[in-house]
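A.B. asks:
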């Protein structure tokens, strides 16, 4: 199970898009979850990032990115889509609020949803995707 260390230096995160990407939050995973960030490259995981779960270990993780960290990669084996990140978090402090029901602006997500949107909608039909 993923854990989070609460000791560390203070860092400021740019949260300018958070109110734009999550248009309506109706429900989420109660209490949030610590994300397993093993192998995740960027230092910040921004609001709107797709969150997945390992069906074997039950760990929650940010959706992997391609090797150049510019687009979503493939959904790993034994993983399912569960929601989107409600607020930006540091990779070093990955305590995540996970939206499971609401409305998200696909034009404001940190990475293009084009390659995974259809599969995500099937897996999490309680999230509506609507651009401004």
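In our numbering, the protein residues as written are 943 to 1074.
All C-beta atoms, glycine included, are put in the ideal place defined by N, C-alpha and C.
Just confirm the distance between the C-beta atoms of residue 975 and residue 1038, as a whole number of angstroms; I'd bet it's less than 8 angstroms.
C.D. replies: Counted from its first residue, the chain shown places residue 975 at position 33. Counted from its first residue, the chain shown places residue 1038 at position 96. So it is a contact: roughly 6 angstroms between Cβ atoms.
A.B. asks: Using beta-carbon positions only, say whether residue 962 and residue 1062 come within less than 8 angstroms of one another.
C.D. replies: Numbered from its first residue, the chain shown carries residue 962 at position 20. Numbered from its first residue, the chain shown carries residue 1062 at position 120. Against a cut-off of 8 angstroms, the Cβ pair of residue 1062 and residue 962 comes out as no contact.
A.B. asks: Any idea which residues DSSP pairs residue 1050 with across the strands?
C.D. replies: Here residue 1050 is taken as the residue at index 108 of the chain shown, counted from 1. Note: residue 1050 sits in no beta bridge, so no partner.
A.B. asks: How would you write the range of the beta strand (DSSP E) that residue 1003 sits in, first residue to last?
C.D. replies: What you label residue 1003 is simply residue 61 of the chain shown in a count that begins at 1. Its beta strand (DSSP E) spans residues 1002–1004.
A.B. asks: Out of curiosity, what's the CA-to-CA distance linking residue 1069 and residue 1015?
C.D. replies: Sequence index remark: in the chain shown, residue 1069 carries index 127 (1-based). Sequence index remark: in the chain shown, residue 1015 carries index 73 (1-based). Computed Cα separation, rounded: 21 angstroms.
A.B. asks: Once the 5 residues before and after residue 965 are set aside, which same chain residues still bring their CB inside 6 angstroms of it?
C.D. replies: Here residue 965 refers to the residue found at position 23 of the chain shown. If we look at residue 965 and ignore the five residues flanking it on each side, its Cβ neighbours are 1045, 1047.
A.B. asks: Between 1025, 1055, 1006, which has its C-alpha nearest residue 1067's C-alpha?
C.D. replies: Taking the first residue of the chain shown as 1, we reach residue 1067 at position 125. Of 1025, 1055, 1006, the residue nearest in Cα terms is 1025.
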